[in-house]
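Written out below as structure tokens is the structure these notes cover.
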Amino acid sequence: MRISIIGGTGGMGEGLALRWALNHDILIGSRDIEKAKNTASEYEKRAREYYKDINGSIKGGDNIEIAKDCDLLILSIPYEYARDTCSRISKVVRDDTIILSPIVPMRKGKNGFEYIPMHDNVKSATEIVIENISNRERIVSTLHTISEVKLRNLDASLDCDVYIAGDNINNVKKISELLQEIKGLRPLYIGDLTLAYQIEVLTPMLLNVGIKNKIKHPALRII
Ligand SMILES: NC(=O)c1ccc[n+]([C@@H]2O[C@H](COP(=O)([O-])OP(=O)(O)OC[C@H]3O[C@@H](n4cnc5c(N)ncnc54)[C@H](OP(=O)(O)O)[C@@H]3O)[C@@H](O)[C@H]2O)c1
């Protein structure tokens, strides 16, 4: 697969690139092309050192350039910039590219982490993606509840579930298979995109549980 990660210079992008470069070609995106290239070459070096041999690659480029030709496009950017970034990407992305949103609309409030759409009466991240990228059938929402710290540590098994929402079951299946390539990760389907907010809302709860109970990198599993 050819996987482009918008905002791939952040922690999530790093973890996903390092995990998937074993079998896939990864494109790290940034607003700054030099930063993208340098970051990608550092990630590729680390992946080659760790695995000894990789079938994929990690390259870098401008966010819009890397969105043009890929099988999967990951929106690894903060909620605040989702609307603007998606509307710019929508003009260039291929019709058959699957779009993945891991975006969590969250901030730290005085009582703990909060889910922004509920407090501010604004849209969920998935709704913003749907509104600004054509063809909602290609959108999947997942990865909200994993820890990027564990993801970046290639020795670590994630040992948890991730929940996935999407309107098109074939796209959900393809992404679930890709997620299963990450050690210890079990994707579970929750339903179509109208339910995606239910996954987004889990992350602030999870972080609050971690802080209040002194649990490092908390994760979720359905039993
Ligand atoms: N961190 C986690 O453990 C975790 C877990 C689950 C889900 N998520 C979600 O995954 C996404 C990425 O998480 P992250 O921790 O990697 O995020 P991050 O480090 O805060 O940001 C990722 C990238 O977004 C880009 N960015 C910053 N400001 C921007 C702007 N104004 N316009 C466009 N791009 C901008 C930056 O790239 P450049 O400066 O290179 O352009 C940055 O490296 C977020 O939506 C987060 O909610 C995170």
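For the sequence shown, this note's numbering begins at 1127 and goes up steadily by one.
Heads up, the beta-carbon is just placed ideally off N, CA and C, and yes, glycines get one too.
Treat the numbers as computed from the prediction; the structure is a model and nothing was measured.
Status (buried if at least 16 other CB within 10 Å, exposed otherwise) for Ile1272: For the purposes of this step, residue 1272 is taken as the residue at position 146 of the sequence shown. Classification of Ile1272: buried, given that the 10 Å Cβ count is 16 or more.
**Item:** Segments of 4+ residues assigned as alpha helix (DSSP H) that fall wholly inside the stretch 1206-1240
**Value:** 1208-1216
Check: Applying the criterion that 16 or more other CB atoms from any shown protein chain within 10 Å of the CB defines a buried residue, is Met1232 buried or exposed?
Finding: Along the sequence shown, one-based indexing puts residue 1232 at 106. Classification for Met1232: buried.
* To do: Assuming Ile1290 and Leu1198 form a contact by the criterion Cβ under 8 Å, report the distance between their Cβ atoms to the nearest whole angstrom.
  => Working through the sequence shown from its first residue, we reach residue 1290 at position 164. Working through the sequence shown from its first residue, we reach residue 1198 at position 72. Wrong, their Cβ atoms sit about 13 Å apart, outside the cutoff.
Practice problem: Express the C-alpha separation of Ser1216 and Ile1242 in angstroms, rounding to a whole number. | Solution: Here the question's residue 1242 lines up with position 116 in the sequence shown. Here the question's residue 1216 lines up with position 90 in the sequence shown. Cα to Cα, Ile1242 sits roughly 24 Å from Ser1216.
- Message: Buried or exposed for Tyr1176, going by 16 or more other Cβ atoms inside 10 Å?
- Response: Counted from its first residue, the sequence shown places residue 1176 at position 50. Under this definition Tyr1176 is an exposed residue.
Taking 8 Å as the cut-off, is the beta-carbon of Asn1206 closer than that to any non-hydrogen atom of ligand 1?
Translated into positions along the sequence shown, residue 1206 becomes position 80. Strictly speaking, residue 1206 in this sequence is Glu, with Asn absent from that position. Yes, since a heavy atom of ligand 1 falls inside the 8 Å radius drawn around the Cβ of Glu1206.
Check: Quick one: what's got a C-beta closer than 8 Å to Gly1235's C-beta in the same chain, skipping five residues either side?
Finding: Counting from 1 along the sequence shown, the entry for residue 1235 is found at position 109. Around Gly1235: His1245.
Please report the residue range of the beta strand (DSSP E) in which Leu1201 lies.
Here residue 1201 corresponds to residue number 75 of the sequence shown, with the count starting at 1. Leu1201 -> beta strand (DSSP E) spans Leu1198 to Leu1201.
Requested in this report: Alpha carbon to alpha carbon, how far is Glu1191 from Asn1334? Give it in angstroms, no decimals.
Outcome: As a first step, residue 1334 must be located in the sequence shown, where it is residue number 208. As a first step, residue 1191 must be located in the sequence shown, where it is residue number 65. Near 37 Å, if we compare the C-alpha coordinates of Glu1191 and Asn1334.
Inset, instruction - Could you tell me whether any non-hydrogen atom of ligand 1 is closer than 8 Å to the CB of Thr1223? - result: By 1-based counting over the sequence shown, the position of residue 1223 is 97. Checking every heavy atom of ligand 1 against the Cβ of Thr1223, none is found closer than 8 Å.
| query | For Val1275, which of helix, strand or coil comes out of DSSP? | reply | Here the question's residue 1275 lines up with position 149 in the sequence shown. Note: Val1275 maps to helix in three-state DSSP.
(Q) So, with DSSP's three-state summary, where would you put Asp1390? (A) It is not possible to answer for residue 1390, since the shown part of the chain is limited to 1127 through 1349.
*Taking Cβ positions, are Ile1154 and Tyr1169 nearer each other than 9 Å?*
For the purposes of this step, residue 1154 is taken as residue 28 along the sequence shown, with counting starting at 1. For the purposes of this step, residue 1169 is taken as residue 43 along the sequence shown, with counting starting at 1. Result yes, Cβ atoms of Ile1154 and Tyr1169 sit closer than 9 Å.
query = Under three-state DSSP, which class holds Ser1250?
reply = Against the sequence shown, residue 1250 aligns to sequence position 124. Ser1250 falls in the coil class under three-state DSSP.
By DSSP's criteria, Gly1187 is part of a beta bridge. Which residues make up the other side? Taking the sequence shown and counting its residues from 1, the one referred to as residue 1187 is at position 61. According to DSSP, which records beta bridges pairwise, Gly1187 is partnered with Gly1155.
Original post:
According to DSSP, is Leu1346 helix, strand or coil?
Top reply: Numbered from its first residue, the sequence shown carries residue 1346 at position 220. Here Leu1346 sits in coil by DSSP.
- Message: Could you check whether the Cβ of Gly1133 sits closer than 8 Å to any heavy atom belonging to ligand 1?
- Response: For the purposes of this step, residue 1133 is taken as residue 7 along the sequence shown, with counting starting at 1. Because some heavy atom of ligand 1 lies under 8 Å away, the Cβ of Gly1133 counts as near it: yes.
- Flag Ile1215 as yes when its Cβ comes closer than 8 Å to any non-hydrogen atom of ligand 1, and as no otherwise. The sequence position of residue 1215 within the sequence shown is 89, counting from 1. Outside the cutoff, so no.
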